[in-house]
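Student:
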Amino acid sequence: MHPTGLVPGRRVVEYYSASTKREAKSYLSRLKATAATEDATWNHKAAATISNKPGDDTSLDASSPCGVNLGSFYHAPRAVHDTPVFRQEKIPVSREQITSGQINLALIKLCTPQELDTETIDGVAKTLSQLVRLGMACCVVVDPGWTGENSAAMRSMASEQATRLANAVDAQPDSKSFCLDSILTISGQEPGLMTVTSRQRLLRPLRDGHVVVVAPIAYSDENPRAIPVSADEAVLTLTKEFAGLALDSHHPDDDPAATAEKVQALQREVSVDRVILLHPSGGIPAFRGPQESHVFINMEQEFEDIERELIAAQDMFVKSTQASPIRKNESASEISTSPHSPHPASHILHGHVENLRLSQQTLALLPSASSGIITSPYEVAKSARPREPTSNPSAVGTRRQRNPLIHNLLTDKPLLSSSLPLGRRRTLSRSDAISAPSSHSTFVKRGMPLTILPNPYTQMWTAHGQPRLKLDDPSIDLPRLVHLIEDSFDRKLDVQDYLARVNNRLAGLIIAGEYEGGAILTWEAPTGVIDDGSAASAARMVPYLDKFAVLKRSQGAGGVADVVFNAMVRTCFPNGVCWRSRKDNPVNKWYFERSIGTWKLSDSNWTMFWTTPGLVDNPQRFSDYEDVCRNIQPSWADHKSVVD
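Take 1 as the starting number for the sequence shown in the UniProt record's numbering and just add one per residue.
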């Protein structure tokens, strides 16, 4: 009985390139269908440009000045074809078909544009133009780095940089911008309360296909004076407005149903699908574990831990500069995806903390389907550049870098899977013991909570653990767990037989969200070893992944499989775990990428996988792993097992 709840006989897994093609074509076809019912000129242009006829290349011509760079989605090499994901037969749809006339919006913050050269600004502007052509309206808040001072110089810089970005957008073919520097109001009666002066002033240019550029300048409602404000506060204010949550206060006697209908009507006008933070330092770095950066952050589960991690690193850098004054002005470009930042390390880390907090605060106001991405404007601009022609047609070239924003729009996924081992990611070396790891783009979702039983932070998962947790424990919703397994495997479980088999050997349970995904892990005794609780028998116990299940509707989307797998290998069994799968199971490619080693068991239809370092150098341990993977008995209600 293989541990993954994916039916081997069905096309439940598609390779990364094929999956991405399908997601991209699905997105573009929905865009075309939507554009056909809308009167907005810019959507009609997108529909006219995009073709879904058999044999046509759905990507726009990247060689055209206004073409959309879809990277290698439609011309991927074999290495990309072999990158699998969990996938059901039908592409999961995260929400209902978008309402005709609804604006699908990316709310973007561009940090310190005054430090970006013209080429980078132009590259960002080109990407914004491409997003609009692909049906994603863009509202950009420029952030010159407000220090809290109400100075004419700060107001001037904010307006100047907003105009600079707007001009760069206007320079793109068939693109247009709309600058707003008087859209925000600060209340004199309620200090700190910022609101949007006119919702329609925001929505009209967005509907007309303009890239709206907002300067972080607000006007006091008591006297007509312009005040520079925090760009983060401006982004939060705009998020509330777009999400329909900025309604004026109502009398307690107001009809709740009428208020709810008003909010729903506002939400039908616009959907904030993406919150994008373009920061010179790029994505969020990681200081714990083997990974160098956070590829994907599940806010419900990880926000507080990552925030503490970044603050601790920031404090460490501050102390190190105090101890070594010569380093106070040293550049911390090793923390950034780009060497362009001249700021000290503590400043860079503070920026990461602020980006993490802003992402969490905005996504908390939006539907769960919304997502965010934190990346570098240099990364975006670099991938937006046209391919340089080569004088030698036979020369071997480098595959064009995918634009993280275009990729995320089409797939709602990060460029890399977060559960890939460090060795299978592109890594950059560290310069010294306290330098921060290089950070890539970080994909963020409000996500789902993760429940791990027993809690590994208070009770380590060891073979000595007594008494062991049981699946019929009151803390576990057994009916929902059974439904998860049966839905994922598409088979009925013999519940009593399964409980009898695993209850006395259960290591622990991992549950994602409301039983959307999970893993059941056990301690298995090899043949001839008696589990008597002694140190000798405990040393022979094999950590085994008995069930790995994801609801069909959550397979291939939302990162559920990655969240569960990461918890298993990083938190619960950091020293290694093994599992088995049928040799012809299409999900094996997903396993191959995440395991340290594999072994096809002779005279059987099983392949053994493990994440245990140095297993092949320990013959006894390897033999125990193989014995367990050969002899586990299935517990299905149909009493059918794999034909070995």
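Idealized CB from N, CA, C, for every residue including glycine.
#1: Can you tell me whether residue 691 is helix, strand or coil according to DSSP?
#2: Measuring only the C-alpha atoms, how far is Asp39 from Arg480?
#3: Using alpha carbons as the reference points, say which of Pro613, Trp590, Asp122 lies closest to Asn575.
#4: Measuring only the C-alpha atoms, how far is residue 647 from Thr163?
#5: To the nearest angstrom, how far is the alpha carbon of His210 from that of Arg199?
#6: Could you work out which residue in Leu615, Glu626, Phe622, Pro619 is closest to Ser602 when comparing CA atoms only?
#7: Would DSSP call Ser581 helix, strand or coil?
#8: Run the CB neighbour count on Ala152, radius 10 Å, all protein chains shown included, and call it buried at 16 or more, exposed below.
#9: The beta strand (DSSP E) spanning Phe296 covers which residue range?
#10: If we ignore side chains and look at the alpha-carbon of each, how far apart do Val563 and Val263 end up?
#11: Thinking just about the alpha-carbon of each residue, which of Arg570, Gln130, Pro144, Asp473 is nearest to the one in His279?
#12: Three-state secondary structure (DSSP) at Ser271?
#13: Buried or exposed for Gln130, going by 16 or more other Cβ atoms inside 10 Å?
#14: Using the Cα positions of Trp599 and Ile373, report the straight-line distance between them to the nearest angstrom.
#15: Just to confirm, is the Cβ distance from residue 711 to Tyr515 under 8 Å?
#16: Taking its Cβ as the centre, do 16 or more other Cβ atoms sit within 10 Å of Arg133, making it buried, or is it exposed?
#17: Does Phe287 come out as helix, strand or coil in the three-state DSSP assignment?
#18: Taking the alpha-carbon of Leu521 as reference, which of Asp305, Thr571, Gly513, Asp315 has the nearest alpha-carbon?
#19: Counting C-beta neighbours from all protein chains within 10 Å, is the total for Lys492 16 or more, i.e. buried, or is it exposed?
#20: What is the C-beta distance between Ala215 and Ser159, in whole angstroms, given that I count them as a contact (C-beta under 8 Å)?
#21: Can you tell me which of Pro256, Asp531, Asn503, Leu365 puts its alpha carbon nearest to the alpha carbon of Gly244?
#22: If you measure between the beta carbons of Leu551 and Met568, is that distance less than 8 Å?
#23: Quick check on Lys319: buried or exposed, where buried means 16 or more other Cβ atoms within 10 Å of its Cβ?
#24: Please determine, among Leu236, Arg288, Pro526, Pro634, the residue with the shortest C-alpha to C-alpha distance to Lys547.
#25: Which whole-angstrom value is the C-beta distance of Thr442 and Gly597, which I expect to be below 8 Å?
#26: Tell me the DSSP secondary structure of Lys589 in three-state form.
#27: Could you name the residues of the same chain whose beta carbon sits closer than 6 Å to that of Gly559, not counting the 5 residues immediately before and after it, in chain order?
#28: Answer yes or no: do Gln314 and Val353 have a C-beta to C-beta separation smaller than 8 Å?
#29: Name the residue from Cys578, Ala519, Arg468, Pro414 whose alpha carbon lies nearest to the alpha carbon of Phe489.
#30: Across the segment 500 to 510 and the segment 440 to 455, are there enough close Cβ pairs to call them in contact, namely three or more that are closer than 8 Å?
#31: Would you report the Cα separation of Ser554 and Gln360, rounded to the nearest angstrom?
#32: Ala637 and Asp487 - do their beta-carbons sit closer together than 8 Å?
#33: Starting from Lys470, trace the alpha helix (DSSP H) both ways and give me its first and last residue.
#34: Name the two residues that bound the continuous beta strand (DSSP E) containing Cys629.
#35: Kindly indicate which residue of Asp117, Phe317, Leu358 has the alpha-carbon position closest to the one of His347.
#36: Do Met448 and Gly513 count as a contact pair if the criterion is CB distance below 8 Å?
Tutor: Concretely, from the data shown:
#1: Outside the shown range of the chain, which is 1 to 644, sits residue 691, and nothing can be said about it.
#2: Legend: pLDDT at Asp39 = 44, less than 50; position of this residue unreliable, no value from coordinates given.
#3: Pro613
#4: Nothing about residue 647 can be read from this structure; the chain reaches only from 1 to 644.
#5: 15 Å
#6: Glu626
#7: strand
#8: exposed
#9: 296 to 298
#10: 33 Å
#11: Pro144
#12: strand
#13: buried
#14: 38 Å
#15: The question about residue 711 has no answer, for the chain in this structure spans 1 to 644.
#16: buried
#17: coil
#18: Thr571
#19: exposed
#20: 5 Å
#21: Leu365
#22: no
#23: exposed
#24: Pro634
#25: Not quite, the Cβ-Cβ distance comes to about 29 Å (not below 8 Å), so this is no contact.
#26: helix
#27: Phe296
#28: yes
#29: Ala519
#30: yes
#31: 22 Å
#32: no
#33: Looking at the DSSP string, Lys470 is not in any alpha helix (DSSP H), and its letter there is neither H nor E.
#34: Element bounds for Cys629: not the beta strand (DSSP E) but the alpha helix (DSSP H), 619 to 631.
#35: Phe317
#36: yes
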